[in-house]
Amino acid sequence: MKYKRSDFPEGFQFAAATSSYQIEGHGFGGAGLTHWDSFAATPGNVVRGEHGQTACDHYHRMEEDLDLCQALGLDAYRFSTSWARVLPEGRGQVNQEGLDFYDRLVDGCLARGLNPMCTLYHWELPAALADEGGWRNADIGNWFADFTETIMSRIGDRVFSVAPINEPWCVSWLSHFEGHHAPGLRDIRATARAMHHVLVAHGRAIEVMRGLGVKNLGAVLNFEYAFAGDDTPEARQSAERYDAIYNQFFLGGIFNKSYPPLVLEGLEEHLPANWEKDFDTIAAPLDWVGVNYYTCKRIVPADTGWPSLTDVPGPLQKTQMDWEVYPEGLHHFLNLVHQANGKNLPIYVTESGMAQAVEPGAADIQRTDYIDAHLGQTLRAIDEGLPVKGFTYWSVFDNYEWALGYEKRFGLVHVDFDTLERAPKASYHALAAALAK
Numbered sequence: 000m001k002y003k004r005s006d007f008p009e010g011f012q013f014a015a016a017t018s019s020y021q022i023e024g025h026g027f028g029g030a031g032l033t034h035w036d037s038f039a040a041t042p043g044n045v046v047r048g049e050h051g052q053t054a055c056d057h058y059h060r061m062e063e064d065l066d067l068c069q070a071l072g073l074d075a076y077r078f079s080t081s082w083a084r085v086l087p088e089g090r091g092q093v094n095q096e097g098l099d100f101y102d103r104l105v106d107g108c109l110a111r112g113l114n115p116m117c118t119l120y121h122w123e124l125p126a127a128l129a130d131e132g133g134w135r136n137a138d139i140g141n142w143f144a145d146f147t148e149t150i151m152s153r154i155g156d157r158v159f160s161v162a163p164i165n166e167p168w169c170v171s172w173l174s175h176f177e178g179h180h181a182p183g184l185r186d187i188r189a190t191a192r193a194m195h196h197v198l199v200a201h202g203r204a205i206e207v208m209r210g211l212g213v214k215n216l217g218a219v220l221n222f223e224y225a226f227a228g229d230d231t232p233e234a235r236q237s238a239e240r241y242d243a244i245y246n247q248f249f250l251g252g253i254f255n256k257s258y259p260p261l262v263l264e265g266l267e268e269h270l271p272a273n274w275e276k277d278f279d280t281i282a283a284p285l286d287w288v289g290v291n292y293y294t295c296k297r298i299v300p301a302d303t304g305w306p307s308l309t310d311v312p313g314p315l316q317k318t319q320m321d322w323e324v325y326p327e328g329l330h331h332f333l334n335l336v337h338q339a340n341g342k343n344l345p346i347y348v349t350e351s352g353m354a355q356a357v358e359p360g361a362a363d364i365q366r367t368d369y370i371d372a373h374l375g376q377t378l379r380a381i382d383e384g385l386p387v388k389g390f391t392y393w394s395v396f397d398n399y400e401w402a403l404g405y406e407k408r409f410g411l412v413h414v415d416f417d418t419l420e421r422a423p424k425a426s427y428h429a430l431a432a433a434l435a436k
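Residues in the sequence shown are numbered from 0 upward in steps of one, following numbering that gives the first Met the number 0.
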């Protein structure tokens, strides 16, 4: 690798990430059902009908997995908690075994010199709450606040950082408008309400954690660079609308107490009554901002209802996800987030990575080059004076890649999903060497 630890400022946090449902194994430990369990059980939703009941069995192999993170030379480990593991019905009775697991996880990180970077919610809504409308229900902000109090009362004194919700766009738009993720809806009214309520829940969680004295609270947002797919005014306008929906909506709510007009033109009539009154909650002050970035899209008009756009293939190198590799987009969004928050808040790259099918022992050049290129764009932003404080690779392990099952492999560590054996890839060893310099 071209870049190494000593190229970055002292204290810069090199991390790698996972999420609860994707690695833990949700079929044991007293966890309740989630809407991902029912989504995966519905034919046609997930490749080969694969589910997260065992996943990587991180629940039983946590010590081994944390050893791999330590051996990689990381400064921090980003993980998420499962709402349904802690509160099997989403509310009410606490599963003490679930709380104990996250207690051991945090202590295990600290014992290995890894800063625990916690995300409270990474898409696994308890099924009992999905039955009541899930993210469409205005009460979910208070349900999530209660979950936040339960889990953070147990581990909030020892975590390095906390973000309430991973990637609000995926929780709301991808899952309620495009239907690709649980709950698998294609409903514009449900989408508008989910997009708003996920921000209200974010704000309520921040309020609760401030009250508990939990430190270093942030937001983790995902971004995707939008190119016009051709050189026409219509394509440029479509790309601007895509950018507003994907990249500007959640930033605007959190930092400007407003939503972009290009989004309101399609969603305003479907938003909850008096939605503007929630902005004081949504815009609860933060200590940092997280940027998740993977790829770009080429956007052109489509002869459909709003938002009347689609994407077309581009010319750049592709990953196993068929995503274009465009590292410069990361630099763009680090600047955008810096400008949007207006407070010179610390920024962390909280996810960056690529899927590529590579067997243990084989060369993993494309992934290593991907990491190098995105570290280069991160260092470019730092050299320009931006307060970027960390870089997180997604993911430590090959895992359950949601509707794509187990075939898309983002991991630095190969997982054999028959034997559950772990095997570090060449990219793992390359990154370890770079972090040792």
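In this text, a Cβ means the ideal position worked out from N, Cα and C, and glycines have one as well.
Out of V414, G228, W401 and M320, which one is the CA nearest neighbour of G183?
In the sequence shown, counting from the first residue as 1, residue 183 sits at position 184. Closest by alpha carbon: W401.
Cα-Cα, which of G304, G313 and P284 is closest to R297?
To locate residue 297, count along the sequence shown from 1; it is residue 298. Looking at the Cα atoms, G313 is the closest of the given residues.
What is the DSSP secondary structure of Y258, counted as helix, strand or coil?
The residue you call residue 258 lines up with position 259 of the sequence shown. Per DSSP, reduced to three states, the secondary structure at Y258 is coil, with no helix or strand assignment.
Considering only C-alpha positions, which residue in the set Y399, L315, V414 and A429 is nearest to S18?
As a position in the sequence shown, residue 18 is number 19, starting the count at 1. For S18, the closest C-alpha among the options Y399, L315, V414 and A429 is that of Y399.
What residue range is occupied by the uninterrupted alpha helix (DSSP H) comprising V85?
Mapped onto the sequence shown, residue 85 falls at position 86. Segment W82 to V85, the alpha helix (DSSP H) holding V85.
Between P125, A15 and H201, which lies nearest to N114 when the distance is taken from Cα to Cα?
Stepping through the sequence shown from its first residue, residue 114 is reached at position 115. With distances taken between Cα atoms, N114 lies closest to A15.
Cα-Cα, which of N255, C295, R153 and T309 is closest to Q338?
Counting from one through the sequence shown, the residue named residue 338 turns up at place 339. Out of N255, C295, R153 and T309, N255 has the C-alpha closest to the C-alpha of Q338.
Count the other C-beta atoms from every protein chain shown that fall within 10 angstroms of the C-beta of R84, then say buried if there are 16 or more, exposed otherwise.
Here residue 84 is taken as the residue at index 85 of the sequence shown, counted from 1. Result: buried.
Where are the beta strand (DSSP E) runs, 3 residues long or more, that stay fully inside the region 71-127, in chain order?
Counting only runs of 3 or more, we get 75-79 and 114-120.
Around the Cβ of P42, are there at least 16 other Cβ atoms within 10 angstroms (buried) or fewer (exposed)?
As a first step, residue 42 must be located in the sequence shown, where it is residue number 43. Exposed.
Select from R60, E131, L67 and A144 the residue whose C-alpha is nearest the C-alpha of A422.
As a working mapping, residue 422 is identified with position 423 in the sequence shown. When each option's Cα is compared against that of A422, the closest is L67.
Closer than 8 Å is the cut-off here; do at least three beta carbon pairs connect the region 152-164 with the region 86-106?
Two segments are said to touch when three or more pairs of C-beta atoms, one from each, lie closer than 8 Å; by this definition the region 152-164 touches the region 86-106.
Can you give me the start and stop residues for the beta strand (DSSP E) that H428 sits inside?
Start at 1 with the first residue of the sequence shown, and residue 428 comes out as number 429. Counting along the chain, H428 falls outside any beta strand (DSSP E), though it belongs to the alpha helix (DSSP H) covering A425 to L434.
Note down, in chain order, each residue of its chain lying with its Cβ closer than 7 Å to the Cβ of S5, except the 5 sequence neighbours on either side.
Residue numbering aside, residue 5 sits at position 6 when the sequence shown is read from its first letter. Around S5: K436.
Report the option in G178, M353 and C108 whose CA atom is closest to the CA atom of V45.
For the purposes of this step, residue 45 is taken as residue 46 along the sequence shown, with counting starting at 1. The residue with the shortest Cα to Cα distance from V45 is G178.
Count the other CB atoms, across all protein chains shown, that sit within 10 Å of the CB of I346; report buried if there are 16 or more and exposed otherwise.
As a position in the sequence shown, residue 346 is number 347, starting the count at 1. Buried: at least 16 other Cβ atoms inside 10 Å.
Return helix, strand or coil for E264, following the three-state DSSP convention.
In the sequence shown, residue 264 corresponds to position 265, counting from 1. E264 falls in the helix class under three-state DSSP.
Give a yes or no on whether the C-beta atoms belonging to Y325 and L335 are separated by under 8 Å.
Here residue 325 refers to the residue found at position 326 when the sequence shown is read from its first residue. Here residue 335 refers to the residue found at position 336 when the sequence shown is read from its first residue. No, they are not a contact pair.
Under the three-state reduction of DSSP, which class applies to Y325: helix, strand or coil?
Here residue 325 corresponds to residue number 326 of the sequence shown, with the count starting at 1. The answer is coil: DSSP assigns Y325 none of H, G, I, E or B.
To the nearest angstrom, report how far apart E9 and D229 are at their CA atoms.
Translated into the one-based positions of the sequence shown, residue 9 becomes position 10. Translated into the one-based positions of the sequence shown, residue 229 becomes position 230. One C-alpha to the other measures close to 43 Å.
Please state if the CB of L119 and the CB of E166 are separated by a distance shorter than 8 Å.
On the sequence shown, residue 166 is found 167 positions in, with the first residue counted as 1. On the sequence shown, residue 119 is found 120 positions in, with the first residue counted as 1. Taking 8 Å as the Cβ cut-off, E166 and L119 do not qualify as a contacting pair.
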